[in-house]
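Residue numbers (the working numbering): 329 to 527. Heads up, the thing below is written out as structure tokens.
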């Protein structure tokens with residue numbers, strides 16, 4: 329058990345070092361040697377022991393970031409008693425996660441063009457977004473079923489919401505002086521009102 333815990337801790341250390349390295353110098357320059365240096369390890373062989381190649385490490389980074397984001401949102405959403413409240417929590421938690429984890433988001437942006445499907449084909453931006461769109465569709469459908477949300481096309485609304493959230497990530501990284509609090513407030517207000525069923 330101690331060995332398993334040590335291996336898990338080492339893998340987590342490598343993943344975090346890889347995230348910090350890619351966010352700092354970009355995907356192309358983030359060699360195992362650079363990641364080794366960032367992690368404070370003695371040799372790149374220690375990375376190769378845990379990850380067969382860079383693709384496997386990149387996959388682990390994606391899993392790590394998405395798992396952390398999902399857990400962050402799930403905790404906030406679970407505290408809401410209505411679907412409308414869950415949607416508000418979803419929006420707020422998503423945006424706060426982007427704000428509070430800039431290295432994670434920068435790394436996902438960097439590695440996005442290099443991700444491959446199980447068949448070796450590159451992910452498209454649409455395909456990558458689907459991971460987030462699908463569960464949001466379910467939440468919106470539940471709100472309609474319970475009579476909390478008005479009648480609208482669930483698929484379209486989910487895509488629009490994700491576009492607004494993903495747009496914040498780009499603005500945070502690329503636009504100096506971007507007013508994130510103002511943007512987040514408008515996103516939440518816009519979609520709470522856009523989905524609400526009139527009494």
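Think of the CB as a built atom: it goes at the ideal place given N, C-alpha and C, for glycine as much as any other residue. Predicted, not measured: the structure shown is a model, and the values here were computed from it.
- Ranked by Cα distance from residue 415, the first of 427, 369, 428 and 401 is 401.
- Looking only at 412, 366 and 351, the smallest Cα-Cα distance to residue 522 is reached by 412.
- In this chain, the alpha helix (DSSP H) harbouring residue 501 covers 482-502.
- Within its own chain, the residues whose Cβ lies closer than 7 Å to the Cβ of residue 442, once the five positions on either side in sequence are excluded, are 355 and 386, listed in chain order.
- If you draw a straight line from the Cα of residue 337 to the Cα of residue 475, it is about 46 Å long.
- In the DSSP secondary-structure assignment, residue 524 is bridged to 477.
- Here residue 439 really is in contact with residue 389; their C-beta atoms are around 7 Å apart, less than 8 Å.
- The C-alpha of residue 384 is placed about 40 Å away from the C-alpha of residue 517.
- Residue 422: member of the alpha helix (DSSP H) spanning 411-428, first to last residue.
- It is roughly 7 Å from the alpha-carbon of residue 519 to the alpha-carbon of residue 489.
- Sequence-distant Cβ neighbours of residue 459 in its own chain, meaning closer than 8 Å and more than five residues away, are 394.
- Around the CB of residue 343, 16 or more other CB atoms lie within 10 Å, so the residue is classed as buried.
- Taking the C-beta atoms as reference points, residue 431 is found nearer than 8 Å to residue 348.
- Taking the C-beta atoms as reference points, residue 468 is found no nearer than 8 Å to residue 487.
- A distance below 8 Å between beta-carbons, with the five flanking residues on each side excluded, links residue 506 to the following residues of its chain, in chain order: 499 and 500.
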